[in-house]
Amino acid sequence: MEEAMQDLDLDSRKYVWMGNIPLQVHLHDSEVTTVPAPPPLLVLAPRNGYLPLLIPVIKPHFQSSLPPGTDTVWFDYKGLPLKWYIPTGVLFDLLCAEPERPWNIVVHFRGYPADILSPCEGEDSVKWSFINSLKEASFIMNGSTRNVMNMSKPDQIELWRCVAKAGDMDGYNRISARLRPGPVVEDGASGTNLGKGLSNRRNHGESDSLETSRTGKIPLRLYLR
Numbered sequence: 001m002e003e004a005m006q007d008l009d010l011d012s013r014k015y016v017w018m019g020n021i022p023l024q025v026h027l028h029d030s031e032v033t034t035v036p037a038p039p040p041l042l043v044l045a046p047r048n049g050y051l052p053l054l055i056p057v058i059k060p061h062f063q064s065s066l067p068p069g070t071d072t073v074w075f076d077y078k079g080l081p082l083k084w085y086i087p088t089g090v091l092f093d094l095l096c097a098e099p100e101r102p103w104n105i106v107v108h109f110r111g112y113p114a115d116i117l118s119p120c121e122g123e124d125s126v127k128w129s130f131i132n133s134l135k136e137a138s139f140i141m142n143g144s145t146r147n148v149m150n151m152s153k154p155d156q157i158e159l160w161r162c163v164a165k166a167g168d169m170d171g172y173n174r175i176s177a178r179l180r181p182g183p184v185v186e187d188g189a190s191g192t193n194l195g196k197g198l199s200n201r202r203n204h205g206e207s208d209s210l211e212t213s214r215t216g217k218i219p220l221r222l223y224l225r
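Residue 225, in the UniProt record's numbering, is where the sequence shown stops; the numbers in between run on with no holes.
Encoded structure:
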């Protein structure tokens, strides 16, 4: 039974990692400078990805119809600015009570709503927002952000690549496993078993900081529709 549940959990995570949302992206009417207006762009957006990461695909499609000048790109759905730091799949699930296929959203290349959205300077902003989320989760689980802060630069780059570029679940699991707490020890035997476990880890040169990671806390982020 336990093995079947583990297989189901793995399959579910694979479906999320492999999942895409079909988008139909429209240029806002106020920014159209050509007749006829450019057709909407159809694109598949990874559920675990972020809308700003699609800009290199979206902008060339509308480039010839844009007014002169530059500004930060942003998106809206039915007039609601979409928060760029929330994964595309989460935005879709939150905002589409009756899911659209494709999901029709509007892209803007002007008039960034700085009073509603925090600044986004492209992929770097999205990357560091993701890393900060890891720090928040680590603090909730471990009472410290040390696990994330101690990640090597190559590991940070590879973890972000797995999420943003490749949809590489195996690579993500390999690196993120170092950030997760170990199994929670049951209260009934915690005094003896936990002590033995810590002693064994010390004998193998592992840090006592692992003790604080076994808290059983799960980081959650709640969104309101």
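We put the beta carbon where it would ideally sit given N, CA and C, even for glycine. Since we're looking at a predicted model, the values are computed, not measured.
Strand pairing of residue i, partner residues [DSSP]
i	result
residue 105	25
residue 75	107
residue 81	76
residue 40	In DSSP, residue 40 forms no bridge with anything.
residue 45	21
Collapsed DSSP secondary structure at residue i in the structure displayed
i	result
residue 54	helix
residue 20	strand
residue 220	coil
residue 148	helix
residue 67	coil
residue 164	helix
residue 60	helix
residue 154	helix
residue 97	coil
residue 112	coil
residue 117	coil
residue 175	helix
residue 131	helix
residue 86	coil
residue 199	Summary for residue 199: the model assigns pLDDT 45, below 50, so the residue's position carries little reliability; its value from the coordinates is reported in the next sentence. Three-state DSSP puts residue 199 in a helix.
residue 32	coil
residue 13	helix
Inter-residue CB distance, residue i and residue j (contact presumed, cutoff 8 Å)
i	j	result
residue 129	residue 77	Their Cβ separation, rounded to whole angstroms, is 20 Å, which puts residue 129 and residue 77 out of contact at 8 Å.
residue 141	residue 219	6 Å
residue 95	residue 75	Incorrect: roughly 11 Å between the Cβ atoms, too far for contact.
residue 104	residue 26	7 Å
residue 36	residue 61	Incorrect: roughly 14 Å between the Cβ atoms, too far for contact.
residue 101	residue 22	6 Å
residue 107	residue 57	The Cβ separation is near 11 Å, so there is no contact.
Counted within 10 angstroms of its Cβ, other Cβ atoms place residue i as buried (16 or more) or exposed
i	result
residue 239	Here the chain has residues from 1 to 225 only, and residue 239 is not among them.
residue 172	buried
residue 138	buried
residue 69	exposed
residue 260	Residue 260 is absent from the model: the chain starts at 1 and stops at 225.
residue 179	buried
residue 83	buried
residue 116	exposed
residue 91	buried
residue 157	exposed
residue 49	buried
residue 229	No information on residue 229 is available, as it lies outside the stretch 1 to 225 that the chain covers here.
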